[in-house]
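Counted from 1, the sequence shown has number 235 at position 60 by this note's numbering; the numbering is strictly sequential.
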Amino acid sequence: MVRRTSSRQYHWSIVKSPGKQEVKSFEDLEVWKACRTLRRKIFEITRDFPAEEKYGLARQMRDAAISSTANIAEGYGRFHYQENIQFCRQSRGSLYEILDHLTTAVDQAYISQEHFDDLKTQVMTSVRLLNGYLRMLQKTKLGTLPR
């Protein structure tokens, strides 16, 4: 849980909730962990793409996957809630970019429908977790998060 120190600033003063793991860094965030898992899978499947896609679709997919975790990390390190929220929104955009690239990959028969379905599920899980994190940040920013 994030505890607000003023209306414009915050620090990551962590309060351990019952049944919840203490968050000491962005690496402890469930949403970051989910995006990291997705990033690993994207790197794994793009290794098998045709050579002509090495700097095309494969590179774009990898960049979007990297962006999904990097923006969560960068937002976590920001001083203001609104900055963190903006970086998380960019991460969400990267997740949807991955989903579009996966559609292209299955259409071009670079991945199987089974791989597509698995990765789409992972993308949507990451989006769901990110939306929950964004709601928490917004409520904390507004001072409406229950204590």
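C-beta atoms are modelled at their ideal positions from N, C-alpha and C, and glycine is treated no differently.
Segment limits, alpha helix (DSSP H) that includes residue i
i           : result
residue 314 : 288–317
Nearest residue (CA-CA) to residue i, options the options
i           : options               : result
residue 271 : 251, 249 and 294      : 294
residue 208 : 314, 244, 219 and 250 : 244
residue 267 : 231, 198, 307 and 319 : 307
residue 202 : 289, 246, 229 and 220 : 246
residue 228 : 286, 256, 310 and 304 : 286
residue 265 : 309, 278 and 296      : 309
residue 253 : 299, 200 and 318      : 200
CB-CB length for residue i against residue j, believed under 8 Å
i           : j           : result
residue 273 : residue 248 : Not confirmed; about 17 Å, so no contact.
residue 224 : residue 237 : With a Cβ gap of about 10 Å, residue 224 and residue 237 do not count as contacting.
residue 291 : residue 302 : Contact doesn't hold; Cβ gap of about 16 Å is too wide.
Proximity test, residue i beta-carbon vs the ligand SAM heavy atom, cut-off 6 Å
i           : result
residue 227 : Of the ligands one can find in the structure shown there are none, so the ligand SAM has no counterpart to examine.
Residue-level contact to chain C via CB, residue i, 7 Å cutoff
i           : result
residue 286 : Protein chains in the displayed structure number just one, and chain C is not present.
Report task. For the segment 182–263, list the beta strand (DSSP E) runs that are entirely contained and at least 3 residues long, ordered along the chain. Result -> 185–189
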